[in-house]
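Please read the structure below before turning to the comments.
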Amino acid sequence: MKKEIVIIGGGLAGSEAAYQILQRGGRARIIEMKPIRFSPAHALPTFAELVCSNSLKSDSIENASGLLKEEMRLMSSLTVRAAEATRVPAGKTLAVDRIAFSRFITEELERMGATIEREEAVSMPDARPLIIATGPLTSDAFAVAVSGLIGRERLFFHDAVAPIVYKDSIDFEKAFRASRYGKGGDDYINCPFTEGEYERFYSALTTAEGFAGHGFEGLNYFEGCMPIEELARRGPKTLLFGPMRPVGLSDPRTGERPFAVVQLRRENLEDTIYNIVGFQTRMTIPEQKRVLRLIPGLQNAEFARFGKLHRNSYIDSPALLHKSLQFKGDGGIFFAGQMTGVEGYVESAVSGLLAGVNAWRLANGMEPVVPPPTTMTGALLAHITAPSKDFQPMNANMGLLPEIQGKDRRERQAERALNDMKAWVLAGSLPDGQNSYPAPEV
Ligand SMILES: Cc1cc2nc3c(=O)[nH]c(=O)nc-3n(C[C@H](O)[C@H](O)[C@H](O)COP(=O)(O)OP(=O)(O)OC[C@H]3O[C@@H](n4cnc5c(N)ncnc54)[C@H](O)[C@@H]3O)c2cc1C
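Next up, the structure:
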């Protein structure tokens, strides 16, 4: 009898994991609490529900999300196949009819023989392999069980994400490198403001349009997670004593302390993307572009990730997970989806794909596999499991990929990622002798 793999949560990640197991001839049991119990954001009884936007982002491979989807096509992703089958016209964006998309995935899993249990998991099952994919809105009872497994301090509940910009879009004629009081070398990039620049920025920030909110988040902000625009509304000087304080810094061009400063902190080992420190925000994306480009030095900023703030249960993956998505404390347990600290529908699905493949391999006595770090999938897994003091969820972005110098580097990064993924997929199907990957079209 083949070993059954238990998956808790039939969302984007859990559904893709189940599919990968089933298509390899394995047995998958999905425990899903809908329709008996719905999170505040879920409404459909079916699997893989898109709770907010119906967009799976760009389909162009020079875009990080497009590249990720192309890699998933090579790995025979159900999510991408379902999206293509249910797409609605939206230019280069892969947008779907969310009801048809969710139904497509549910019917496919049913057809392939998944065992489906409609109940809320309230404790940690003993079954191994086990995949935990209960998502950002994991039910309270199960969150307690996860805390018990990993330690309470390693489960986070709010996602206060500051925007990230590409370093090569920062204007170093204006911005300068330095740490406060000269402590810490040149680690930070500083954007200095004159009083006039600050006033203009302050006015734009405090009048910017915010997300309407989903009406279910009930956020009482922690002081450390306060959106920058909310903090600013407390008074014109608040930011000058908070995230924009200029103390300990002097502008090398004038030798003087600026009126205010925005600091950016390096986000990755490759030194390509920078986080705007303390700038978690609920401004809409067009407003983030407009307002944040008023920061001197960021007038041409390109964003690798926009800021956001919402309820999000996720674990401290750098401390807890191997790149294979196995829990370090018990290799029979895998985490997948937004819980691992990936951010986004497609990112959640790809982590489910890998967790499904590796859980199946474990059940069949094989070593786990991880795609090369030159692929978007591999880079994302490497990022969420790399040592980090202040771990925050991350979406796919080109800044995660190892650098290529020179012209057309995004195109060449994408080309390298796809070549490496094709080679990896083909190689991966051989050593098992079980064709773990159906032959892709290469
Ligand atoms: C409000 C909100 C809006 C978002 N909007 C977007 C967006 O527009 N675009 C985007 O790319 N990303 C968005 N995200 C982020 C993320 O991409 C989605 O949340 C995505 O669905 C995560 O996939 P997942 O598989 O990890 O979790 P989910 O898709 O949420 O799946 C988890 C599943 O587990 C089930 N479950 C939970 N607890 C239990 C339990 N105890 N027992 C059994 N079943 C359980 C849930 O019912 C659910 O079906 C949003 C997140 C939130 C919270």
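Note that the numbering used here has the sequence shown beginning at 64, numbered continuously upward. For every residue, glycine included, the Cβ atom is placed at its ideal position computed from N, Cα and C. Keep in mind that this is a model prediction, so the values were computed, not measured.
Distance check for residue j and residue i, CA to CA, integer angstroms please.
i       : j       : result
Leu-481 : Val-433 : 15 Å
Gln-401 : Glu-474 : 28 Å
Gln-389 : Ala-148 : 32 Å
Pro-306 : Leu-384 : 32 Å
Thr-201 : Ser-376 : 7 Å
Gln-351 : Ile-194 : 36 Å
Ile-339 : Leu-327 : 5 Å
Lys-66  : Gly-88  : 11 Å
Arg-215 : Ala-163 : 38 Å
Leu-119 : Thr-156 : 7 Å
Met-64  : Arg-424 : 16 Å
Leu-113 : Asp-379 : 24 Å
Asp-483 : Ser-139 : 16 Å
Ile-467 : Thr-437 : 11 Å
Ala-80  : Phe-274 : 32 Å
Gly-245 : Asp-234 : 22 Å
Val-228 : Ala-459 : 13 Å
Pro-321 : Lys-237 : 12 Å
Val-159 : Asn-117 : 6 Å
Ala-208 : His-221 : 18 Å
Asp-250 : Tyr-337 : 11 Å
Gly-428 : Pro-199 : 31 Å
Ile-99  : Glu-180 : 11 Å
Ala-127 : Glu-260 : 33 Å
Ser-451 : Phe-219 : 14 Å
Gly-248 : Ser-411 : 37 Å
Glu-133 : Ile-447 : 21 Å
Ala-190 : Val-143 : 29 Å
Leu-463 : Met-289 : 27 Å
Glu-173 : Arg-243 : 58 Å
Pro-152 : Cys-115 : 18 Å
Thr-301 : Gly-419 : 48 Å
Lys-97  : Ala-490 : 38 Å
Ala-426 : Gly-395 : 9 Å
Leu-212 : Arg-263 : 49 Å
Ala-295 : Ser-232 : 26 Å
Arg-316 : Glu-258 : 16 Å
Leu-332 : Pro-435 : 16 Å
Looking at the strands, I want to know which residues DSSP matches up with residue i.
i       : result
Leu-372 : Ala-223
Ala-91  : Ile-68
Arg-150 : Val-159
Leu-255 : First, the residue type needs correcting, since residue 255 is Pro and not Leu in the sequence shown. Looking at the DSSP assignment, Pro-255 forms a beta bridge with Val-324.
Glu-180 : Ile-94
Ser-118 : Ala-158
Asp-314 : Glu-319
Leu-218 : Ile-378
Gln-389 : Phe-397
Arg-240 : Ile-252
Met-346 : Gly-273
Arg-329 : Tyr-337
Leu-193 : Val-69, Ile-396
Tyr-229 : Ile-336
Phe-366 : Val-228
So, residue i versus residue j, is the Cβ gap smaller than 8 Å?
i       : j       : result
Leu-372 : Ala-223 : yes
Lys-230 : Asp-334 : yes
Phe-536 : Pro-226 : Lying outside 64 to 505, the shown extent of the chain, residue 536 is not represented and no answer is given.
Ala-196 : Ala-76  : yes
Glu-293 : Ala-271 : no
Leu-131 : Val-413 : yes
Glu-95  : Gly-129 : no
Gly-370 : Thr-344 : yes
Ala-449 : Pro-359 : no
Ile-124 : Ala-91  : no
Lys-268 : Val-405 : For the record, residue 268 in the displayed sequence is Leu; it is not Lys. For Leu-268 and Val-405, no; Cβs fall outside 8 Å.
Asp-122 : Phe-239 : no
Lys-386 : Ala-445 : yes
Ala-422 : Phe-397 : yes
Arg-356 : Gln-362 : yes
Tyr-265 : Pro-309 : no
Ile-68  : Ala-177 : no
Leu-137 : Val-488 : yes
Ser-102 : Gly-415 : no
Nearer than 7 Å: is that true of the beta carbon of residue i relative to any heavy atom of ligand 3?
i       : result
Gly-400 : Because ligand 3 does not appear in the structure shown, any question about it cannot be addressed here, the ligands present being ligand 1.
- Query: How about the segment 144-162 and the segment 174-188: do they share at least three Cβ pairs that are nearer than 8 Å?
  - Reply: no
- Message: Tell me whether the segment 439-448 and the segment 81-90 touch, counting them as touching only if at least three CB pairs, one residue from each stretch, are closer than 8 Å.
- Response: no
- Is the segment 317-331 touching the segment 246-256 in the sense that three or more CB pairs, one from each, lie closer than 8 Å? yes
- Cβ contact check for the segment 165-176 and the segment 107-121: 3 or more pairs under 8 Å: By the Cβ rule, the segment 165-176 counts as touching the segment 107-121, because three or more pairs are nearer than 8 Å.
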